[in-house]
Amino acid sequence: MSFFLATLVSCSLAGCWTSSARQGSPSATSVSQSSASLPRGVMSAVDACRLVVGQHPGNFFQGTERVHLVLTTYAKGEPVESGGDISTGMPPRTVVWVVEVHAKRINWDHSVPSGHKPPKQPYTDFSVVMNARTGVGTDSGECRCWPLPLGTLGDLILLPPNC
16 MSFFLATLVS
26 CSLAGCWTSS
36 ARQGSPSATS
46 VSQSSASLPR
56 GVMSAVDACR
66 LVVGQHPGNF
76 FQGTERVHLV
86 LTTYAKGEPV
96 ESGGDISTGM
106 PPRTVVWVVE
116 VHAKRINWDH
126 SVPSGHKPPK
136 QPYTDFSVVM
146 NARTGVGTDS
156 GECRCWPLPL
166 GTLGDLILLP
176 PNC
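Structure, rendered in C-alpha cells:
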C-alpha cells in the first residue's frame, strides 16, 4: 500500500451510524451524539468525512458507496490503516480520525516506481489517518481491502457516501 500526505475539521455526529462490530461488514445501529461528547477541540466525524471526500474533486472516488471512521490515537490507528507500518508522523497519543472510503473505483494518479504494473482490478478502498484537531494527515493509501478492522480500535461510525 502506498502512503502519502493528506489533510482533513467540527459539527455534530447526530444521525451518524456506529457499531462495535469486530469483523466483516458491521451491523449499524443508530446513535445520536453531539460534538460535546468528543474530546475538546476534536472535529466531528461528519467534518472529517467531508474533508476526505471533499478534498478529492473530480473522479478520484468513482461511485462512492460507504465511509467508515473511528476516533482513536495515532499509535493504535496508524498501524491498522497502513497494514502494520508505524511512522513518526505524529506523537503516539495524538487523537486521530482513521477514515476509510469504499467506492467502485479509486483513481489516484500518483507517482509509482519504475516498472509498476497497476492491479488487474481497480483499487476500491482509500484510507487516511488525520489529526482529529487540525485535520492534517500523515498517511493515506489505496487498496482492495474493505473493510479495514477499524471496529477493533473503538466505535465504528458509518456514514453515507456524501457524509
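Residue numbers (my numbering): 16 to 178.
Every residue, glycine too, gets a C-beta built ideally from N, C-alpha and C.
- DSSP places Gly-92 in the uninterrupted alpha helix (DSSP H) bounded by 89 to 97.
- Buried is the label assigned to Asn-146, since at least 16 other Cβ atoms lie within 10 Å of its Cβ.
- In terms of CA proximity to Arg-55, Thr-109 leads the group Gln-136, Pro-137, Thr-109 and Gly-156.
- In the structure shown, Val-57 adopts coil according to DSSP, grouped into three states.
- Cβ contact annotation for Cys-160 (same chain, cutoff 7 Å, sequence separation greater than five): Asp-140, in chain order.
- Residue burial annotation: Glu-80 is exposed, with fewer than 16 other C-beta atoms found within 10 angstroms of its C-beta.
- Between the alpha carbons of Gly-78 and Val-111 lies a gap of roughly 26 Å.
- Secondary structure of Leu-84 (DSSP, three-state): strand.
- With 16 or more neighbouring CB atoms inside 10 Å of its own CB, Pro-162 falls in the buried class.
- In the DSSP assignment, Val-114 falls within the unbroken beta strand (DSSP E) covering 110 to 121.
- With respect to the 8 Å criterion, Val-127 and Val-67 are not classified as neighbours on the basis of their beta carbons.
- Here Arg-65 has Cys-178 as same chain residues with Cβ atoms under 6 Å from its own Cβ, once five neighbours each way along the sequence are excluded.
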